[in-house]
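Listed in order, the protein sequences are those of chains A and B. In terms of full-length UniProt numbering, the first sequence has 321 at position 321, counting the first letter as 1, and numbering is strictly consecutive. In terms of full-length UniProt numbering, the second sequence has 27 at position 27, counting the first letter as 1, and numbering is strictly consecutive. All C-beta atoms in this analysis are idealised placements derived from N, C-alpha and C, irrespective of residue type, glycine included.
Number of protein chains: 2
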Amino acid sequence: MGLVIPLDERGRDDGIDALSALVQSDLERVNQLILSRTGSDVQMIPEVANHLISSGGKRLRPLLTLASAKLVGYSGEGHIRLAAAVEFMHTATLLHDDVVDASEMRRGKLAARMLWGNEASVLVGDFLLGQAFKMMVEVGSLSCLDILSTAATVIAEGEVMQLVAAKNIATTEDEYLAVIRGKTAALFAAACEVGPALVGSSKAEQAACRSYGANLGIAFQLVDDALDYGGREAKLGKKVGDDLREGKITLPVIFAVRRGTNGEREFWKRTLEAGEIDDDSLETAIDLLQRHGAIDETFARARHYGAIARDALALFPDGQAKSAMLDAVSFVTSRAH
Amino acid sequence: MGLVIPLDERGRDDGIDALSALVQSDLERVNQLILSRTGSDVQMIPEVANHLISSGGKRLRPLLTLASAKLVGYSGEGHIRLAAAVEFMHTATLLHDDVVDASEMRRGKLAARMLWGNEASVLVGDFLLGQAFKMMVEVGSLSCLDILSTAATVIAEGEVMQLVAAKNIATTEDEYLAVIRGKTAALFAAACEVGPALVGSSKAEQAACRSYGANLGIAFQLVDDALDYGGREAKLGKKVGDDLREGKITLPVIFAVRRGTNGEREFWKRTLEAGEIDDDSLETAIDLLQRHGAIDETFARARHYGAIARDALALFPDGQAKSAMLDAVSFVTSRAH
Numbered sequence: 001m002g003l004v005i006p007l008d009e010r011g012r013d014d015g016i017d018a019l020s021a022l023v024q025s026d027l028e029r030v031n032q033l034i035l036s037r038t039g040s041d042v043q044m045i046p047e048v049a050n051h052l053i054s055s056g057g058k059r060l061r062p063l064l065t066l067a068s069a070k071l072v073g074y075s076g077e078g079h080i081r082l083a084a085a086v087e088f089m090h091t092a093t094l095l096h097d098d099v100v101d102a103s104e105m106r107r108g109k110l111a112a113r114m115l116w117g118n119e120a121s122v123l124v125g126d127f128l129l130g131q132a133f134k135m136m137v138e139v140g141s142l143s144c145l146d147i148l149s150t151a152a153t154v155i156a157e158g159e160v161m162q163l164v165a166a167k168n169i170a171t172t173e174d175e176y177l178a179v180i181r182g183k184t185a186a187l188f189a190a191a192c193e194v195g196p197a198l199v200g201s202s203k204a205e206q207a208a209c210r211s212y213g214a215n216l217g218i219a220f221q222l223v224d225d226a227l228d229y230g231g232r233e234a235k236l237g238k239k240v241g242d243d244l245r246e247g248k249i250t251l252p253v254i255f256a257v258r259r260g261t262n263g264e265r266e267f268w269k270r271t272l273e274a275g276e277i278d279d280d281s282l283e284t285a286i287d288l289l290q291r292h293g294a295i296d297e298t299f300a301r302a303r304h305y306g307a308i309a310r311d312a313l314a315l316f317p318d319g320q321a322k323s324a325m326l327d328a329v330s331f332v333t334s335r336a337h
Numbered sequence: 001m002g003l004v005i006p007l008d009e010r011g012r013d014d015g016i017d018a019l020s021a022l023v024q025s026d027l028e029r030v031n032q033l034i035l036s037r038t039g040s041d042v043q044m045i046p047e048v049a050n051h052l053i054s055s056g057g058k059r060l061r062p063l064l065t066l067a068s069a070k071l072v073g074y075s076g077e078g079h080i081r082l083a084a085a086v087e088f089m090h091t092a093t094l095l096h097d098d099v100v101d102a103s104e105m106r107r108g109k110l111a112a113r114m115l116w117g118n119e120a121s122v123l124v125g126d127f128l129l130g131q132a133f134k135m136m137v138e139v140g141s142l143s144c145l146d147i148l149s150t151a152a153t154v155i156a157e158g159e160v161m162q163l164v165a166a167k168n169i170a171t172t173e174d175e176y177l178a179v180i181r182g183k184t185a186a187l188f189a190a191a192c193e194v195g196p197a198l199v200g201s202s203k204a205e206q207a208a209c210r211s212y213g214a215n216l217g218i219a220f221q222l223v224d225d226a227l228d229y230g231g232r233e234a235k236l237g238k239k240v241g242d243d244l245r246e247g248k249i250t251l252p253v254i255f256a257v258r259r260g261t262n263g264e265r266e267f268w269k270r271t272l273e274a275g276e277i278d279d280d281s282l283e284t285a286i287d288l289l290q291r292h293g294a295i296d297e298t299f300a301r302a303r304h305y306g307a308i309a310r311d312a313l314a315l316f317p318d319g320q321a322k323s324a325m326l327d328a329v330s331f332v333t334s335r336a337h
């Protein structure tokens with residue numbers, strides 16, 4: 001008897017658990033620092049910031065910063081501030097994204113903009129971005145500052161690209177990859193590169209950590225895109241369909257559009273380009289995606305990038321840090337919620 | 001015969017002209033750099049950025065960075081990038097402000113958000129902020145990075161404070177000053193401090209330049225506030241009344257509220273707190289402001305901060321740079337458009 005669990009799905013929580021266990025005491029210090037650095041005499045700032053920061057994000061990006069610092073044997077203090085800076089950059093992006101997408105929900109709670117307005121989301125995002133840079137400056141590594149400020153521009157470029165591509169069902173897989181290399185993968189890559197940069201690791205090691213992060217970030221985003229249509233098991237109770245409502249062209253849709261009939265393409269045009277959404281639209285969309293294997297194919301693509309991330313770490317000797325970072329790839333490519 | 005021109009109004013354009021002449025070749029390089037650093041493969045980014053950057057701003061902040069670098073005898077190259085970074089920070093703030101204030105116009109043109117949407121304004125602002133930090137990193141001075149990243153958080157704090165104070169006519173002069181110390185003066189102060197920081201000037205000289213910038217920034221904002229109600233000669237043809245429409249509490253209003261009758265305070269409550277604005281509201285507001293000398297008093301306050309800015313420079317020997325920076329104070333406190 002027993003349930004058959006595909007290899008890839010096994011222990012998907014172990015993945016992130018190994019990472020958390022590896023850097024547990026560091027992560028607690030990062031969380032303390034995050035809390036203290038959202039502080040301001042202007043009371044609205046910690047309110048808005050903590051609404052999002054304390055809403056149960058996985059802290060995946062700062063975990064990666066801490067783990068990759070451990071991977072290269074860093075023994076200083078700078079990685080704590082850099083990990084907090086990475087999380088602040090991520091939070092700032094989310095606050096601004098919610099305004100850009102007019103999102104109502106974020107992590108199962110009302111988005112900050114629904115409670116404090118778009119104005120506060122924009123400005124508190126700016127504050128967190130400023131604090132992120134202040135923390136990097138305190139660490140004092142110009143190469144880390146270079147890596148993270150470059151990431152900040154590339155993230156914004158990716159987001160603008162997405163804006164331009166939105167509501168255009170002719171978007172190609174390559175164009176879409178360029179978007180997510182910017183909006184998602186750039187920060188994952190930077191998060192993984194700053195530890196080695198701080199230690200002064202070899203160029204090869206820095207490039208390896210960067211490649212690990214970038215490809216893990218792409219995989220993460222692709223799985224997110226699949227989950228927004230309910231993943232392999234639609235209707236898990238999770239709120240799905242945000243991307244459809246926002247007219248976002250993601251990889252599952254790109255597959256379904258290419259593989260679909262003319263009539264199906266009319267549906268995608270009406271729904272994503274013209275924004276004509278009714279009660280049945282999401283169900284129809286999920287049916288079409290499943291008919292063309294678009295969700296499975298998206299997961300397959302995610303595993304491809306996950307494999308590149310794994311291989312990137314090959315030049316490091318085996319050990320706890322490497323093992324936890326490899327497990328994190330499995331977590332990312334097989335998470336179902 | 002001849003027209004009698006008050007001392008303060010004389011040669012108000014000479015002020016900025018002296019500054020421009022002082023650093024003319026440097027400013028051309030800054031403008032070149034600004035142009036090249038708005039570049040991106042994502043075409044929308046230079047479009048949105050240049051719409052605002054090329055719209056005839058005075059480049060006052062980068063001019064101050066160049067002038068204060070000259071004041072302390074800086075002979076390197078870093079001030080060019082820092083001046084461009086300062087202008088990018090300013091531009092990012094304007095793009096985000098337009099979203100926050102839902103402004104339709106900026107510098108006599110349609111605001112970027114009216115042409116490309118709020119989304120693009122938020123994201124291109126983020127891009128410019130990232131580029132600003134990249135340029136600072138290229139200069140490689142951690143003290144400059146410290147000064148400018150701190151300014152970024154303080155600016156955001158000031159903006160959030162303004163958001164909280166908006167629509168509250170009980171705001172005091174002190175509370176208002178705290179807002180503009182953040183939203184306006186912090187960047188002026190940083191713009192003037194980075195040159196001396198780059199040279200490694202004495203603490204006293206750095207503090208003097210910082211104080212000059214901060215107080216000049218306060219004066220600049222107060223004059224702006226007065227001009228938004230038409231200045232001393234209302235109805236100059238300039239678009240006035242934005243602050244009234246947006247429910248912004250500025251110093252002229254604070255004076256008029258304090259000095260007014262109960263009936264007048266009802267008017268301010270209706271207009272600024274409840275947003276009940278009709279065709280006569282602006283005229284009534286200007287009448288009340290003039291009746292209580294609120295515009296003149298605001299100019300007087302501006303001259304007070306201008307005087308502090310002037311005195312801050314006393315410890316520097318006389319010379320072209322100092323003279324141009326002193327003239328800039330007259331320009332700021334007496335500009336009438």
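- prompt: What are the start and end residues of the alpha helix (DSSP H) that includes F220(A)?
  reply: For the purposes of this step, residue 220(A) is taken as residue 220 along the first sequence, with counting starting at 1. From DSSP, the alpha helix (DSSP H) with F220(A) extends over 203-227.
- prompt: Are the Cβ atoms of V30(A) and I80(A) separated by less than 8 Å?
  reply: Numbered from its first residue, the first sequence carries residue 30(A) at position 30. Numbered from its first residue, the first sequence carries residue 80(A) at position 80. Against a cut-off of 8 Å, the Cβ pair of I80(A) and V30(A) comes out as a contact.
- request: Assign P6(A) to one of two classes, buried (16 or more other C-beta atoms within 10 Å of its C-beta) or exposed (fewer than that).
  value: Along the first sequence, read from residue 1 onward, the residue named residue 6(A) stands at position 6. Residue confidence is low: P6(A) scores 42 on pLDDT, short of 50, so the model does not pin down where it sits. Its coordinate-derived value is still stated next. Exposed, because fewer than 16 other Cβ atoms sit within 10 Å of the Cβ of P6(A).
field: Segment limits, alpha helix (DSSP H) that includes L33(B)
entry: If you number the second sequence from 1, residue 33(B) lands on position 33. Note, L33(B): alpha helix (DSSP H), 24-37.
query: Thinking C-beta only, is F127(A) closer than 8 Å to I45(A)?
result: In the first sequence, counting from the first residue as 1, residue 45(A) sits at position 45. In the first sequence, counting from the first residue as 1, residue 127(A) sits at position 127. Cβ atoms of I45(A) and F127(A): closer than 8 Å.
Cα-Cα separation between N50(B) and D17(A), rounded to whole angstroms: Position 50 of the second sequence, counted from the start, is the residue given in the question as residue 50(B). Position 17 of the first sequence, counted from the start, is the residue given in the question as residue 17(A). Roughly 47 Å separates the two Cα atoms.
- prompt: If we call anything under 8 Å between Cβ atoms a contact, is V212(A) one with C192(A)?
  reply: On the first sequence, residue 212(A) is found 212 positions in, with the first residue counted as 1. On the first sequence, residue 192(A) is found 192 positions in, with the first residue counted as 1. According to the sequence shown, residue 212(A) is Tyr rather than Val. In contact: Y212(A) and C192(A) (Cβ atoms closer than 8 Å).
task: Could you tell me whether the Cβ atoms of L216(B) and V99(B) are closer together than 8 Å?
output: Along the second sequence, one-based indexing puts residue 216(B) at 216. Along the second sequence, one-based indexing puts residue 99(B) at 99. Result no, Cβ atoms of L216(B) and V99(B) do not sit closer than 8 Å.
- prompt: Do you know how far the Cα of R113(B) is from the Cα of E104(B)?
  reply: Residue numbering aside, residue 104(B) sits at position 104 when the second sequence is read from its first letter. Residue numbering aside, residue 113(B) sits at position 113 when the second sequence is read from its first letter. One C-alpha to the other measures close to 8 Å.
query: Taking three-plus beta-carbon pairs below 8 Å as touching, is the segment 162-170 of chain B in contact with the segment 183-198 of chain A?
result: no
query: Who pairs with K109(B) in a beta bridge, going by DSSP?
result: Position 109 of the second sequence, counted from the first residue, corresponds to residue 109(B). Bridge partners of K109(B): R106(B).
query: chain A partners of M161(B), CB-CB under 7 Å?
result: Against the second sequence, residue 161(B) aligns to sequence position 161. Chain A residues near M161(B): V42.
message: For A309(A) and E119(A), what's the separation of their Cα atoms in angstroms?
response: Walking along the first sequence from the start, residue 309(A) turns up at place 309. Walking along the first sequence from the start, residue 119(A) turns up at place 119. Taking the straight line joining both Cα atoms gives about 38 Å.
task: Answer with buried or exposed for L123(A), where buried requires no fewer than 16 other C-beta atoms within 10 angstroms of its C-beta.
output: In the first sequence, counting from the first residue as 1, residue 123(A) sits at position 123. Label assigned to L123(A): buried.
query: Where do the N-terminal and C-terminal ends of the alpha helix (DSSP H) with T298(B) fall, by residue?
result: For this step, residue 298(B) is matched to residue 298 along the second sequence. 294-312 is the span of the alpha helix (DSSP H), which, as asked, contains T298(B).
field: Given L33(A) as reference, the closest of S20(A), G158(A), S54(A) once Cα atoms are compared
entry: Indexing the first sequence from 1 puts residue 33(A) at position 33. Closest by alpha carbon: S54(A).
- prompt: Does the segment 247-254 of chain A touch the segment 303-317 of chain A, meaning 3 or more C-beta pairs lie closer than 8 Å?
  reply: no
- request: Indicate the three-state DSSP secondary structure (helix, strand or coil) for A62(B) in the structure shown.
  value: What you label residue 62(B) is simply residue 62 of the second sequence in a count that begins at 1. In the sequence as displayed, the identity of residue 62(B) is Pro instead of Ala. Helix, per DSSP.
message: Which residues of the segment 147-176 of chain A have a Cβ closer than 7 Å to any Cβ of chain B? Give them in chain order.
response: S149, T150, A152, T153, A156, E157, E159, V160, M161, L163, V164
query: In or out: residue 359(A) buried (at least 16 other Cβ within 10 Å) or exposed?
result: The structure shown does not extend to residue 359(A), since chain A spans only 1 to 337, so no value can be given for it.
- prompt: For D280(A), does the three-state DSSP call read helix, strand or coil?
  reply: The residue you call residue 280(A) lines up with position 280 of the first sequence. Three-state result, D280(A): coil.
- request: With 7 Å as the limit, tell me which residues of the segment 296-319 of chain A have their beta carbon closer than that to any beta carbon of chain B; keep them in chain order.
  value: none
- request: Please classify A170(A): does DSSP put it in a helix, a strand, or coil?
  value: Within the first sequence, numbered from 1, the residue matching residue 170(A) stands at position 170. Reduced to three states, the DSSP call for A170(A) is coil.
Nearest-angstrom beta carbon gap, V223(A) and F299(A) [assumed within contact, 8 Å]: Locating residue 299(A) in the first sequence gives position 299, counting from the first residue. Locating residue 223(A) in the first sequence gives position 223, counting from the first residue. Rounded, the Cβ-Cβ distance is 7 Å, consistent with contact.
task: Using a cut-off of 8 Å between C-beta atoms, extract the partners of H96(B) located in chain A.
output: Numbered from its first residue, the second sequence carries residue 96(B) at position 96. Those are V122, L123, D126, listed as they occur along chain A.
query: Taking all protein chains shown into account, do 16 or more other C-beta atoms lie within 10 angstroms of the C-beta of A294(A), making it buried, or fewer, making it exposed?
result: Here residue 294(A) is taken as the residue at index 294 of the first sequence, counted from 1. Answer is buried; the Cβ neighbour count reaches 16.
task: Would you tell me roughly how many angstroms separate the C-alpha atoms of R335(A) and T153(A), rounded to the nearest one?
output: Along the first sequence, one-based indexing puts residue 335(A) at 335. Along the first sequence, one-based indexing puts residue 153(A) at 153. So the alpha carbons of these two residues sit roughly 29 Å apart.
- request: Taking I249(A) as the query, report the chain C residues whose CB atoms sit under 8 Å from its CB, ordered along the chain.
  value: Reference to chain C is not applicable here, since the protein chains of this structure are A and B.
- prompt: Buried or exposed: where does E173(A) fall if 16 or more other Cβ atoms within 10 Å of its Cβ makes it buried?
  reply: As a first step, residue 173(A) must be located in the first sequence, where it is residue number 173. Label assigned to E173(A): exposed.
- request: Quick one: residues in its chain with C-beta nearer than 6 Å to the C-beta of residue 341(A), no 5 flanking neighbours on either side, listed in chain order?
  value: Chain A is shown from 1 up to 337; residue 341(A) falls before or after that span and cannot be answered.
- prompt: If we call anything under 8 Å between Cβ atoms a contact, is V23(A) one with A67(A)?
  reply: The residue you call residue 23(A) lines up with position 23 of the first sequence. The residue you call residue 67(A) lines up with position 67 of the first sequence. Their beta carbons are under 8 Å apart, which means V23(A) touches A67(A) by this criterion.
query: Can you tell me whether DSSP reads A189(B) as helix, strand or coil?
result: Locating residue 189(B) in the second sequence gives position 189, counting from the first residue. A189(B): helix per DSSP, three-state reduction.
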